[in-house]
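For the protein sequence lines, the chains are V and E, in the order given. The first sequence begins at 22 in this note's numbering and counts up by one. The second sequence begins at 9 in this note's numbering and counts up by one. Just so you know, even glycine gets a beta-carbon here, dropped at the ideal spot from N, CA and C. Computed from a predicted structure; not experimentally measured.
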Amino acid sequence: MLLLEQIANGLLVGSYYIVLSLGLSLIFSLGGVVNLAHGAFYAVGAYLAYEIERRLGFLGAMGLSPVGVALIGILIERFALRRLYSRDPMLGLLFTFGLALTAEQSLRMIWGTTGLPFSLPEQLRGQLILGDFIYSYYRLFVLAVAITAVTGCWLLLNKTAFGMVVRAGVRDPEMVRALGISLRPILTAVFALGVALAGLAGVLSAPLAGVQPAMGTEILTATFVVVVIGGLGSFWGVVISGLLVGAVRGITVYYYPPAAEASMYLLMVLILLFRPRGLMGEKFEKFE
Amino acid sequence: MSKKTERTIAPGRRKLIKQTATLTVAAAAAQFGFPSILRAQSEAIRIGHITPRTGFLGQVGEYGYKGAMLAVEEANAAGGVLGRKVEMIAEDSVNPATAVTKANKLVERDQVICLIGEISSASGLAIGEQAQRYKIPFFNTGCNSDALRGANCKRYMFHIEGSNTMYTKTIGTWQLQKNLIRGARWCFLTADYAFGHDLYKVSSRFLEQNGGIILNNDFVPTNTADYSAYILKIRQLKPDFVYLNLAGVDQTTFLKQYKEYGLPYQLAGGVMDTAPFWATGLDALSGHWQSLWYHGLNIPASRAFTERFVKKYGQPPENQAWGDYIGVRIVLQTVAETKGTEAARIVQHLEKGAEFDLLKARKGKFRDWDHQLLQEMYVVNVKDKSKSKDQWDIFDIVETVPGPKESLELIQPTQQENPCSLPAA
Chain V
22 MLLLEQIANG LLVGSYYIVL SLGLSLIFSL GGVVNLAHGA FYAVGAYLAY
72 EIERRLGFLG AMGLSPVGVA LIGILIERFA LRRLYSRDPM LGLLFTFGLA
122 LTAEQSLRMI WGTTGLPFSL PEQLRGQLIL GDFIYSYYRL FVLAVAITAV
172 TGCWLLLNKT AFGMVVRAGV RDPEMVRALG ISLRPILTAV FALGVALAGL
222 AGVLSAPLAG VQPAMGTEIL TATFVVVVIG GLGSFWGVVI SGLLVGAVRG
272 ITVYYYPPAA EASMYLLMVL ILLFRPRGLM GEKFEKFE
Chain E
9 MSKKTERTIA PGRRKLIKQT ATLTVAAAAA QFGFPSILRA QSEAIRIGHI
59 TPRTGFLGQV GEYGYKGAML AVEEANAAGG VLGRKVEMIA EDSVNPATAV
109 TKANKLVERD QVICLIGEIS SASGLAIGEQ AQRYKIPFFN TGCNSDALRG
159 ANCKRYMFHI EGSNTMYTKT IGTWQLQKNL IRGARWCFLT ADYAFGHDLY
209 KVSSRFLEQN GGIILNNDFV PTNTADYSAY ILKIRQLKPD FVYLNLAGVD
259 QTTFLKQYKE YGLPYQLAGG VMDTAPFWAT GLDALSGHWQ SLWYHGLNIP
309 ASRAFTERFV KKYGQPPENQ AWGDYIGVRI VLQTVAETKG TEAARIVQHL
359 EKGAEFDLLK ARKGKFRDWD HQLLQEMYVV NVKDKSKSKD QWDIFDIVET
409 VPGPKESLEL IQPTQQENPC SLPAA
């Protein structure tokens with residue numbers, strides 16, 4: 022019974038990983054940029070939420086903080102990242118790495134090293150008890166937000182003209198350019214969307230894990246693992262991977278807690294052994 | 009005209025000869041090893057501050073740094089020690105391996121007279137070994153593990169921070185008074201590193217010695233962001249108490265998520281640093297805890313320190329700030345009393361039982377056989393939200409342990425519980 026509960030809870034936790042990892046996967050798929058600053062945008066999202074929540078409440082924070090993060094993302098992409106697309110992928114990686122370090126220190130300088138208190142919003146407190154299973158309302162809310170985000174992204178990518186260009190740009194950017202479509206604004210938009218998702222994840226995590234400067238670096242490795250397991254470039258791969266990582270973690274806590282944090286890496290190793298491109302990774306013309 | 013010129017040139021030349029002579033004598037003297045005569049008045053007293061300023065203990069370390077800086081500034085404002093200025097060189101110890109590198113750098117390159125700080129027991133062990141190697145005193149202001157005072161004790165390592173036994177016995181004494189231990193079933197959550205394991209050993213031993221039952225213990229990796237799985241386990245077990253052997257940010261995260269699930273079981277813990285509790289927010293806090301020092305302590309010297317800290321930093325000090333502040337003051341007072349910075353004499357002076365004002369009701373001194381600072385601790389209760397004046401006002405001090413008439417040894421580990429044999433210096 023407890024095992025089942027752990028798995029169910031793991032899926033819940035996994036849905037949260039999906040929001041975070043989806044953004045990273047999108048940015049890599051289209052821009053070819055390994056965004057090591059993804060965790061930094063996540064942290065900035067949480068800090069913005071802390072400031073907005075005091076004035077406009079939690080829902081205001083949830084709505085506006087990702088927008089704020091997206092604006093910062095647009096500025097960074099437009100003035101810095103853009104120059105690195107056509108060059109060695111290493112440069113993009115180094116730049117985002119530097120950005121991550123700078124961001125963490127800036128957060129420390131502006132808001133201090135101590136964690137900032139962030140309470141659960143009043144309306145979302147309490148628990149739902151179904152038989153022997155317990156779910157906190159807040160986490161169910163996070164699940165709902167995750168489902169909305171995933172659905173929204175899917176619709177955007179598959180049912181809009183914008184999404185069609187994005188998908189074409191992922192498969193074959195040269196052809197897209199040959200067809201006369203400029204990928205530049207698309208790249209900016211995708212980057213902004215990706216980091217906005219990270220910011221949203223930051224807002225969602227603030228009541229659960231608090232707001233402190235190191236939160237970005239801590240979450241980054243988990244995000245990468247989820248994306249790699251799912252397979253770079255695959256939308257559904259990230260979704261399945263997020264759920265899988267959450268479930269495996271829950272099972273590990275049940276049997277052998279000290280390995281809980283390591284379990285996702287073991288999972289990654291196993292999966293890559295049998296499927297080197299990840300669960301649903303695709304062939305990338307531009308990388309191979 | 010020419011006479012005047014001669015007079016103006018001659019003194020210049022005389023001065024030049026004088027200066028050259030002085031320098032030659034100085035160089036010669038230096039060769040013969042009289043550097044102290046030439047440098048005495050200007051040589052600053054350098055203290056090495058080494059503590060984690062990043063990572064899961066970073067927020068606590070930052071307070072330690074602030075407390076230490078305040079003590080150094082106050083010392084310099086009062087004219088320094090032995091006429092010499094006090095300088096503090098601060099490093100981020102990050103993890104045990106980096107702590108070793110930084111300790112080496114502080115001793116070899118910066119020529120510090122002592123090392124102060126650290127919070128992680130794992131890093132503290134590493135630094136203690138370096139201190140012993142260099143024969144430079146290390147004042148541990150934040151590491152709790154008993155082993156540092158016991159199996160891993162060192163002649164050149166002194167402990168201002170309380171040991172896990174002290175923390176456990178403080179809250180344990182209170183719990184015994186309220187009859188919360190005999191027959192009670194406890195669930196433990198333990199941080200999976202040196203400190204956690206040590207604390208679990210001490211707290212589970214205390215529980216069993218006093219008739220309690222250990223239901224379950226889970227070792228949790230540090231920096232765990234999600235405790236829901238562990239909370240679900242606890243819920244299934246239905247204990248009487250949930251006892252936390254967690255540290256730093258992990259405490260904050262767990263407390264928030266425990267509140268999120270609204271479980272009815274009482275919480276207690278093996279250690280309490282105020283900074284993570286501030287970060288949790290009064291909303292999510294409950295229970296009785298133990299504290300080495302809290303800014304609400306109503307003793308004039310303590311209140312004065314709190315005011316000075318608030319004036320300088322705009323926020324109240326927490327226990328780590330107090331610990332590092334006291335650490336610096338103890339070092340400087342010892343230097344003043346022994347009239348020198350020689351490590352061996354500092355060690356001797358402390359082992360002889362020199363007393364220090366700890367900003368508490370009673371003065372403190374180091375125990376000679378394990379170098380632990382004997383001091384009082386406090387049982388605190390989470391304040392009612394309606395009575396809290398600001399985000400830092402989260403506790404009421406309920407009791408001082410040991411009480412005014414009891415021996416300070418009451419909460420200390422005995423020689424059987426935590427044997428330490430210091431080799432002859």
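Listed by position along chain E, the residues whose Cβ is nearer than 7 Å to that of N30(V) are S236, A237 and L240. One alpha carbon belongs to G252(V), the other to M301(V), and they sit about 5 Å apart. In the DSSP assignment, E359(E) falls within the unbroken alpha helix (DSSP H) covering A351 to E359. Rounded to whole angstroms, G256(E) and T123(V) show a C-alpha spacing of 23 Å. Within chain E, not a single residue places a beta-carbon under 9 Å from that of Y286(V); the smallest gap is close to 12 Å.
Annotation: D401(E) to V266(V) spans about 40 Å, alpha carbon to alpha carbon. At the C-beta level, N253(E) and I405(E) stay beyond 9 Å of one another. Taking 9 Å as the CB threshold, Q298(E) stays off the interface with chain V. Among the bridge pairs identified by DSSP, D291(E) is matched with none.
According to the DSSP assignment, H296(E) belongs to the beta strand (DSSP E) that extends over H296 to S299. In the same chain as L120(V), and ignoring 5 residues on each side of it, the C-beta atoms closer than 6 Å to its own belong to A58, in chain order. Secondary structure of W194(E) (DSSP, three-state): strand. Interface criterion met: the Cβ of T62(E) is under 9 Å from a Cβ in chain V.
Here the C-alpha atom of G220(E) lies approximately 28 Å from the C-alpha atom of T232(E). Think of a sphere of 7 Å around the beta carbon of Q148(V): the chain E residues whose beta carbon falls inside it are Y269 and G270, in chain order. Neighbours of I240(V) across chain E, judged by C-beta separation under 8 Å: A233.
Annotation: A219(V) to I97(E) spans about 38 Å, alpha carbon to alpha carbon. DSSP places R157(E) within a helical segment (H, G or I) once states are collapsed to three. Judged by their CB atoms, P145(E) and I354(E) are nearer to each other than the 9 Å cut-off. Counting only Cβ-Cβ distances below 8 Å, P284(E) has contacts in chain V at G136, in chain order. C-alpha of E239(V) to C-alpha of Y286(V): approximately 14 Å in a straight line. Distance from the Cα of L77(V) is smallest, within the candidate group P142(V), V166(V) and V211(V), for P142(V). If you compare the alpha carbons of V387(E), N172(E) and Q399(E) with that of G411(E), the shortest gap goes to V387(E). Exposure of A199(V) is indicated by the presence of fewer than 16 other C-beta atoms within 10 angstroms of its C-beta. In this structure, the CA atom of G158(E) is about 13 Å from the CA atom of L207(E). Proximity to L271(E) across I150(V), V34(V) and L128(V) peaks at I150(V), based on C-alpha coordinates.
Annotation: Cβ neighbours of T261(E) in chain V (cutoff 8 Å, chain order): L229, A230 and G231.
Under the DSSP assignment, V34(V) falls outside any beta strand (DSSP E), being part of the alpha helix (DSSP H) whose first and last residues are L23 to G52. Look at D332(E) here: in three-state DSSP terms it is helix. According to the DSSP assignment, N112(E) belongs to the alpha helix (DSSP H) that extends over P104 to N112. Judged by DSSP in its simplified three-state form, F364(E) adopts strand. For I144(E), the three-state secondary structure derived from DSSP is coil. The beta carbon of Y71(E) sits closer than 9 Å to some beta carbon of chain V. With respect to the C-alpha of P284(E), the residue from I55(E), G69(E) and E51(E) having the closest C-alpha is G69(E). Per the coordinates, the alpha-carbon of S299(E) lies some 20 Å from the alpha-carbon of F166(E).
The alpha-carbon of T349(E) is positioned some 6 Å away from that of V343(E).
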